[in-house]
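Participant:
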Amino acid sequence: MELLLFTVFAAAACGGAIAVVLSQNVVRMAFYLVISLGSTAGLFFMLNADFVGATQLLIYVGGTVVLLIFGVMLTASGPFLTIKSSPGDMVQAILVGALFLGMVVVTVLQVDWDGNAAKLESRYGVSSLERPGYNQRGEGHTTRSIGAALLGARFDKDLGKNREQPSTGYLLPFEIVSVHLLVVLIGAAYLARAKRRVNVPSEF
Amino acid sequence: MEGVGINGYLAVGAVLFVCGVICMATKRNGIGVLMGVELVLNGANVNFVAFSKFGPLGLDGQIASLFVIVLAAAEAAVALAIVLNFYNNHLTIDVDRANELQG
Amino acid sequence: MTPEAYIQTGTTLKWLLGIAWLLPLVGFAVEIFGGYWGKRFDPASNGKKTKLAAYMAVFCIGTGFLLSLSAFFIWKGATDVQLVTAAHAAEHGESHDGDHGDGHDHHDGHDHDEGHGHDAESGHDQDESHEHPHSNETLPPADDVRGQSPEEAEDHEGHGNDPYAAAFSGTFYELAHFGDLRISIDYYIDGLTLLMFCMVTLIATCIHIFAIGYMSDELTEDYEDHFVHLPGGKHFHRPGRFYRFFAFLSLFSFSMLGLVLAGNIFQVFVFWELVGVCSYLLIGFYVERHSASTAANKAFIMNRVGDFGFLIGLMILWTYFGTFQFANTDPQAAGDLGLFQMARDSHGQLDVVDTEEGKIVHLRGSPEDSERSIPYWLLIAAGIGIFGGCIGKSAQFPLQPWLPDAMEGPTPVSALVHSATMVAAGVYLTGRFYPMFTPEVLLTIAYIGCITLFIGATIAVVATDIKRVLAYSTISQLGYMMLALGVGGWGAGLYHLITHAFFKSLMFLCSGSVIHGCHHEQEMTKMGGLYKKMPITCWTMFIGVVAISGLAIPVLNVGLAGFYSKDAIVASGLAFMSGNATHFLLFFVPLVTAGITAFYMFRLWFMTFAGPPKDQHVYDHAHESPSVMTVPLIILSIFAIGCAWFGVLEGWILTSEPTHVAAGGTSAHHVALTLPSHDAIHGVHHTAGTAALFAAVVGAALSAVFYWKGLVDPAVIKRSFSGVHHFLVEKWQFDNLYDVMFVRPVHVVARWCTSFDKNVLDAFLHSLSRMTVVASSWDRKFDETFVDGLVNIVGTSTYRVGRSLQVVQTGKLRQYIMFIALGVLGLFVLLFMFFPRT
Amino acid sequence: MMPLLATETISELLREGIDLPVFDFWDIPPIGETGALILAAIVHVALLAGFFGLPAFAGIWAERKVSARIQDRLGPTRTGGRFGWLQSLADGIKLLQKEDLWPNAADSMLFRVAPYVVVVSSFAAFLFLPFSDGWVALSLDVGLFLALAILSLEVLGIILAGYSSGSKWSLFGGMREAAQMVSYEVPLGITAVIPVLIAGSMNLNEIGRMQSGWFWNWFIFHDPFTFLAFFVFFTVTLASNKRAPFDLAEAESELVGGFHTEYSGFRWSVFFLAEYASMYFVSALGVILFLGGWWTGIAPIDNFFRASGDWRVNYLGNVLGFAVLLIKSSKLVFLQIWIRWTLPRLRIDQVMVTCLKYLVPISCFLFLGATTWSLLAPGRVAMGMKPGLGARAIEAAVETPATESEAAIVRPVDDAHVAMSDDSSMIGGAK
């Protein structure tokens, strides 16, 4: 069952990604991108990361891609805009990409995962996969843990251990990202506001 | 139920990543390049979440991927603004036309 | 007092006085910024200026007065102090040993509250002291709270002469803590502090109000300064600086109150400098006048000379005592001792020990550092150093010449800063720091005061500028205070400080009123007969003159404020002389000067108000001042008349007298000296008072003969003693002397330095530079051929490499991405090649 | 088991073999986990598909009737059987019969795919909607979050439709929709988070359960801010459904038909199916978030059904809850229709101003207010944590363990968590 679902989602994700590469129409590319990203969200659900999956759907599919299409429409100088890339570039890029892929896959396959797990176990005493407080049954109820971690409390690390100093979690990164988003919001609004150049410099 | 090992997920991540790279390298459309970036980030995200289940990362992997998603959204907004600006100046979004810094 | 009640009262007082202290600072900030920006933000008020700054300042200081007053009553109610006069203090001090619970002390104290009359009760007092005989040598009079067990402290509750039971010290805020060095804003509140607060705020309030009228001509956008002459016969024009004046006054009030409230000597030093700055700013208020700016500089520089001594004293104290705090009076924190408690034991005695390295003084402290001590001579040096600061601030010999010049400031400033408060701060500090002074230092203080009071008085006799007469009189009176402190009359000195503040500020304000009325005419030789034109000023001035002269009704012994305090001083001098016959001058000079004082003060009054008008022009234009100026005069004159009646004031002052003063004592360390006890002083009080009154009457009469009735022409005297007169007019040649002693030698040395600079140093430098030029020309050749060549080769090759790499910089985003991907690939390949998996 | 197919009702029963008394005579053997999951999914989908079609049908009928009443038209009340309900059926059959065509200029692939994107996302949102206590296809921790995420996918389909039609009217409609939706998702998210904040869970079933008892337990009456938040939420859902007065994407007077100008026949009807279904969906969402979900709001009635040990009574109670939810949502749907036929359409700039200048700040303010209220009001629990946030959350988690495994691990080490909760005051800044 899991294998079946994985196959479906992985095929959709990879197929969508390849379709993005091969497609020449931007909006179609966006559509395939949605398929690819949505399937990735499915993979996330399979990996017990339900919150991440939901976020992926909401932000990527619902937000980012809509934004991209919006951008397409704002910048379209004609209907069904296609800017074709040359076949030579395509071949070159696919060659490099294949090399890259091959290298990554070979590397991944060479890793001895069980051996690594054993090493970790010998170093830390317990299996790194069985952390107290973290959901081993894998039902994917990660929302509370993630929320607490973003607010500075780590259930998965602190519960059940007699630790002097509780971890601080991700409070600071969370705040930084918040501020970063605000900055981005303002920056994007500033960059995108309509400016009418009096004279466009011919050179440069 | 037979399990899908970590390798499967990593392979999917690798495919997404490579597709993203190729997309970035071949698309002349600025927004297409952006989509390539999204694919690359997504490939990385798959790896993060996979390691969070199979590896020692735990919740940290998921949170890292959350940050990646959020920052990717922010990056998309800014990049889009840049593309719009580019379009205002060049009346096209062909990135090959953006070669003013050519040596 | 129980510790709880102590803490509660201390907290209340701390905040009342703290607010009274800080309010003027707030006022200053508001006034200076409000005044500065106000006119910029409000262009509508063109030409018209607001008096808001003045009202703000008056509000701040007036509120401060009310707070001080309430603080005073709270303190009085909480500590239940028994009022004692000098005679009683000693008696109380020892009687606690024997008869504690008989209620006798209380009874006596109240007697004194009601009936003033040393004579009436002197016999009784003597009896008391005979019943409990004591020797001045060993003398265990009263002890203080320090080192006492709690039961003991309770025993002494309500004891009138127990200073630390009626004092509150603590910390407002700790600024810094470097190792042992603790720099904090402390407070030390006792009867003296509270009296000073009330006095300063009351007088300052009156003077603020007076200044509203006096400075009203600054309320204009275009103020013409008649004393600044520009080329072309014009006068200098500038915007009025009404707000600035009041801002400075507020800042001064803040600094002065801070000085009084200060709980450690370092804090005193800080505020000491702050009042100095305020004085500088206020003297130089008319900064465009050359005389004003030089006077401000003079005041500031002379004060710095004194402050140098102060700094030396501070360093010595810090080195040997390790603390700046005066005393720690909190009964709960008995272990943490202040300066006074370390220097003197519970009987107020110094623990002097002879060792082969000389005399040393053992310091008290926590048991672990019981071996702490300070060489005796360093204690003297510290005392003289601190007193050096007082010399500068209180214009004592030899640093007195700045004070008359400081009269360049507006008259309210002279009244507040240079007569009543700031210059008195030196006396206050001497009184406050009294436990740290060894007998040798006290003798120095006495002689300095003695010289000062004589110099001041003699110069005042010949001065003709109305404000300068008062300035010299101030110097002389400050000398009196110092003398009193020096000869052991601690209470007398500070008593005179308070009374003098009232009548001297009154007289300054009167002179201000006269100057205002006569359109800035200050020469007495052009006045006369003004009593018709300005009656209120005239009679309030008369009250001031009588008060300072120390006149009284002989039989009833009822006089104005100055009579009592000056009597006390002269009595202290007499008592001191009877113990130390060699120092007879310390009695006779003040006695004679009392006469001179009466003479020159009446001279001033007669010349100004009595007789025919000497300058018809001035007389015609003179007018009485508005009520905003005369009402403060009347208020101050009431205090000048009555503040010393019934001995209440003196009693309050004596509540904070250091323990060792009341019983006197002898010392034979470096100088053999006997300090009179309260009994001794009281014993000679009648004699001294009669003598002083006689001297004053003679002086006043002589003055009347010379300047009122005109029976003797002063000009004749002047001619026959022209040498002396010239000497006095030239202020004892002090300015010239300093010119010869310091200024000219410095000029000579400076000239030497210049010539050395020009002939030796410059020549050396010139030759050096010539050599450098030669060397650098060689260097240049080397540079141009070798170094530049090398650099050029590097540059051109870099340029060529860059040119050849230009091809790679295609400007195409997609290619760059390819490069990145290939680069990563290459890196991985390298990684696999060189770091194969094991 | 996988969270994707986690359910609370049917699949549990199926996996362990059905042993309900009712089914006794069927004697169905256990069918294994995979089989149970597949069967459960099929059952759910069938049920949901039925439910998906029903409100759309009823909605179209109601729209016609209500508009006729409001505009004083007689036709719709007369034609098409009793109360005119047959008219919708006739329309449906007509649309199905029409020829499936697309313009030459269209991007044919996207043109064909777009309606399915819309309808699939609209349908998928129903997966997370609890119809009664526990009657939910997918009871997820992130239920509300996912529902909103999937709803936003609907927009994508509309944009694709608008773009791929190859017509400028459609393109404008699509662009308007894109701009409008990207903006309105912000206040929608914020106002939807307010009940989440109070309930401390994003599980819609949990949120609904928290509002049991008397009707003043409904979140709309929780505090003044939630009261206002409901109206903001309702306004925003109007816009997110492209309902008047925010229906700029299909403004007939300017854009002919907006994004569906070029559509006809079945594809066109699919758009409408999706629109009416999501109308119902957002209404139900609003009911669950604010209006007490499936509870009648009269405590004795609900308690009677809940407290009873008999599973049949419980089941009856659930049926009653389903009916209550239907009634409440239908009233909101009616309100939407009412508004559509009463208020004039806004201009596009007014739509954007309404969102960005008014609704976003208002919802932010309401969010802050609700947060503050939850922190200040004693006895209330904010975000599943006690006031003080930070590591004090651990304490809360210990008191109400999220999962059994957590609880099992936590209980033996009470001392440790006490020590940590002491530190929490430092972290949370409560000191």
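Top to bottom, those sequences are chains A, B, C and D.
Counting in the working numbering, the first sequence runs from 6 upward without gaps.
Counting in the working numbering, the second sequence runs from 215 upward without gaps.
Counting in the working numbering, the third sequence runs from 276 upward without gaps.
Counting in the working numbering, the fourth sequence runs from 84 upward without gaps.
For every residue, glycine included, the Cβ atom is placed at its ideal position computed from N, Cα and C.
Across the stretch 700-720 of chain C and the stretch 661-668 of chain C, are there enough close Cβ pairs to call them in contact, namely three or more that are closer than 8 Å?
Facilitator: Cβ pair count under 8 Å is three or more, so yes.
Participant: With a threshold of 8 Å between beta-carbons, can Tyr223(B) be considered close to chain A, or not?
Facilitator: Counting from one through the second sequence, the residue named residue 223(B) turns up at place 9. Yes, contact with chain A.
Participant: Considering only their Cβ atoms, is the gap separating Tyr561(C) from Ala502(C) smaller than 8 Å?
Facilitator: Mapped onto the third sequence, residue 502(C) falls at position 227. Mapped onto the third sequence, residue 561(C) falls at position 286. One detail in the question is off: residue 502(C) reads as Phe in this sequence, not Ala. Result yes, Cβ atoms of Phe502(C) and Tyr561(C) sit closer than 8 Å.
Participant: Using a Cβ cut-off of 9 Å, pull out every chain C residue sitting near Val247(B), in sequence order please.
Facilitator: Walking along the second sequence from the start, residue 247(B) turns up at place 33. Chain C residues near Val247(B): Leu1088, Arg1089, Ile1092.
Participant: Can you pull the chain C neighbours of Gln401(B), defined as C-beta to C-beta under 8 Å?
Facilitator: Lying outside 215 to 317, the shown extent of chain B, residue 401(B) is not represented and no answer is given.
Participant: Answer with buried or exposed for Glu631(C), where buried requires no fewer than 16 other C-beta atoms within 10 angstroms of its C-beta.
Facilitator: Numbered from its first residue, the third sequence carries residue 631(C) at position 356. It counts as exposed.
Participant: Is there contact between the stretch 392-407 of chain D and the stretch 298-309 of chain D, where contact requires at least three CB pairs shorter than 8 Å?
Facilitator: The answer is no - the stretch 298-309 of chain D does not touch the stretch 392-407 of chain D, with fewer than three Cβ pairs under 8 Å.
Participant: Over the uninterrupted beta strand (DSSP E) stretch that includes Leu450(C), give me the two end residues.
Facilitator: For the purposes of this step, residue 450(C) is taken as the residue at position 175 of the third sequence. It spans 443-453 - the beta strand (DSSP E) in which Leu450(C) sits, taken as one unbroken run.
Participant: Could you pull the start and end residues of the alpha helix (DSSP H) that Ile928(C) belongs to?
Facilitator: The count along the third sequence starts at 1 and reaches residue 928(C) at position 653. First-last of the alpha helix (DSSP H) with Ile928(C): 923-929.
Participant: Does the stretch 723-734 of chain C come close enough to the stretch 862-873 of chain C that 3 or more CB-CB pairs lie under 8 Å?
Facilitator: Cβ pair count under 8 Å is three or more, so yes.
Participant: Can you tell me which of His795(C), Leu772(C), Leu860(C), Tyr806(C) puts its alpha carbon nearest to the alpha carbon of Ile823(C)?
Facilitator: Residue 823(C) sits at position 548 when you count from the first residue of the third sequence. Closest by alpha carbon: Leu772(C).
Participant: Ignore the nearest five residues each way along the sequence and tell me which others in Val235(B)'s own chain have a CB closer than 8 Å to its CB.
Facilitator: Translated into the one-based positions of the second sequence, residue 235(B) becomes position 21. Gly250, Val254, listed in sequence order.
Participant: Please state the DSSP three-state secondary structure of Thr286(C).
Facilitator: What you label residue 286(C) is simply residue 11 of the third sequence in a count that begins at 1. Three-state DSSP puts Thr286(C) in a helix.
Participant: Quick check: Ala846(C) and Gly964(C), are their CB atoms within less than 8 Å of each other?
Facilitator: Walking along the third sequence from the start, residue 846(C) turns up at place 571. Walking along the third sequence from the start, residue 964(C) turns up at place 689. Yes; because the gap between Cβ atoms is below 8 Å, this pair is in contact.
Participant: Is any beta-carbon of chain A found at less than 8 Å from that of Phe228(D)?
Facilitator: Within the fourth sequence, numbered from 1, the residue matching residue 228(D) stands at position 145. True, the Cβ-Cβ gap to chain A drops below 8 Å.
Participant: Look at Thr598(C) and Leu614(C) and say whether their C-beta atoms are less than 8 Å apart.
Facilitator: Taking the first residue of the third sequence as position 1, residue 598(C) is located at position 323. Taking the first residue of the third sequence as position 1, residue 614(C) is located at position 339. In this structure, Leu614(C) lies closer than 8 Å to Thr598(C) by Cβ.
Participant: Please report the distance separating the alpha-carbon of Cys237(B) from that of Ala123(D).
Facilitator: Residue mapping note: residue 237(B) aligns to position 23 of the second sequence, counting from 1. Residue mapping note: residue 123(D) aligns to position 40 of the fourth sequence, counting from 1. Roughly 40 Å between the two C-alpha positions.
Participant: Within a Cβ cutoff of 6 Å, which residues of the same chain sit near Pro933(C), ignoring the five residues on either side of it in sequence?
Facilitator: The count along the third sequence starts at 1 and reaches residue 933(C) at position 658. Excluding residues within five positions, the ones whose Cβ falls inside 6 Å are Tyr709, Pro710.
Participant: For His510(C), which three-state DSSP category applies?
Facilitator: Looking up residue 510(C) in the third sequence gives position 235. Reduced to three states, the DSSP call for His510(C) is strand.
Participant: Is the Cβ of Val225(D) closer than 8 Å to any Cβ of chain A?
Facilitator: Against the fourth sequence, residue 225(D) aligns to sequence position 142. Yes, contact with chain A.
Participant: Any idea what DSSP makes of Pro178(A), helix, strand or coil?
Facilitator: The residue labelled residue 178(A) in the question sits at position 173 within the first sequence. In the structure shown, Pro178(A) sits in a helix (DSSP, three-state: H, G or I).
Participant: Who are Gly940(C)'s beta bridge partners in DSSP?
Facilitator: Within the third sequence, the letter at position 665 stands for residue 940(C). For Gly940(C), which the question treats as bridged, DSSP gives the partners Leu950(C).
Participant: Compare the C-beta of Ala258(B) with all C-beta atoms of chain A and state if any pair is closer than 8 Å.
Facilitator: Counting from one through the second sequence, the residue named residue 258(B) turns up at place 44. Judged by the 8 Å Cβ criterion, Ala258(B) is not in contact with chain A.
Participant: Report the residue from Ala258(B), Arg242(B), Phe281(B) whose alpha carbon sits nearest the alpha carbon of Thr306(B).
Facilitator: Within the second sequence, numbered from 1, the residue matching residue 306(B) stands at position 92. Answer by Cα proximity: Arg242(B).
Participant: Could you check which residue in Ile790(C), Asp1014(C), Ser840(C), Leu717(C) has the C-alpha nearest to that of Phe778(C)?
Facilitator: Start at 1 with the first residue of the third sequence, and residue 778(C) comes out as number 503. Looking at the Cα atoms, Ser840(C) is the closest of the given residues.
Participant: Taking 8 Å as the threshold, find out whether the stretch 259-272 of chain D comes into contact with the stretch 208-220 of chain D through three or more Cβ pairs.
Facilitator: Because the criterion of three Cβ pairs below 8 Å is not met, the stretch 259-272 of chain D and the stretch 208-220 of chain D do not touch.
Participant: Please state whether the Cβ-Cβ distance between Arg513(C) and Asp500(C) is less than 8 Å.
Facilitator: Numbered from its first residue, the third sequence carries residue 513(C) at position 238. Numbered from its first residue, the third sequence carries residue 500(C) at position 225. Yes, the Cβ-Cβ distance between Arg513(C) and Asp500(C) is below 8 Å.
Participant: Let me make sure I understand the geometry here. Which of Tyr281(C), Ile307(C), Ala479(C) has the alpha-carbon closest to that of Leu911(C)?
Facilitator: Counting from 1 along the third sequence, the entry for residue 911(C) is found at position 636. Checked all of Tyr281(C), Ile307(C), Ala479(C); the closest Cα to Leu911(C) is Ala479(C).
Participant: Leu456(C) lies in the alpha helix (DSSP H); which residues open and close that run?
Facilitator: Numbered from its first residue, the third sequence carries residue 456(C) at position 181. Where Leu456(C) is concerned, there is no enclosing alpha helix (DSSP H), although the beta strand (DSSP E) it sits in stretches over 456-464.
Participant: Confirm, please, whether the CB-CB distance from Gly886(C) to Gly803(C) is below 8 Å.
Facilitator: Mapped onto the third sequence, residue 803(C) falls at position 528. Mapped onto the third sequence, residue 886(C) falls at position 611. Taking 8 Å as the Cβ cut-off, Gly803(C) and Gly886(C) qualify as a contacting pair.
Participant: Please state if the CB of Leu254(D) and the CB of Ala197(D) are separated by a distance shorter than 8 Å.
Facilitator: Indexing the fourth sequence from 1 puts residue 197(D) at position 114. Indexing the fourth sequence from 1 puts residue 254(D) at position 171. For Ala197(D) and Leu254(D), no; Cβs fall outside 8 Å.
Participant: Using a Cβ cut-off of 8 Å (strictly closer), state whether Leu62(A) contacts chain D.
Facilitator: One-based indexing of the first sequence puts residue 62(A) at position 57. So, interface residue.
Participant: Can you check whether the CB of Thr148(A) is closer than 8 Å to the CB of Met285(D)?
Facilitator: Reading the fourth sequence from its first residue, position 202 is the one you call residue 285(D). Reading the first sequence from its first residue, position 143 is the one you call residue 148(A). Yes, they are a contact pair.
Participant: At 8 Å on the CB atoms, spell out the chain A contacts of Val370(D), in chain order.
Facilitator: Taking the fourth sequence and counting its residues from 1, one reaches residue 370(D) at position 287. Those within 8 Å of Val370(D) in chain A number zero; the least Cβ separation is about 22 Å.
Participant: My parser needs the alpha helix (DSSP H) runs of 4 or more residues fully inside the stretch 386-472 of chain D; what are they?
Facilitator: Counting only runs of 4 or more, we get 394-425, 431-436, 443-459.
Participant: For Met816(C) versus Phe874(C), is the C-beta spacing smaller than 8 Å?
Facilitator: On the third sequence, position 541 is the one that residue 816(C) refers to. On the third sequence, position 599 is the one that residue 874(C) refers to. No.
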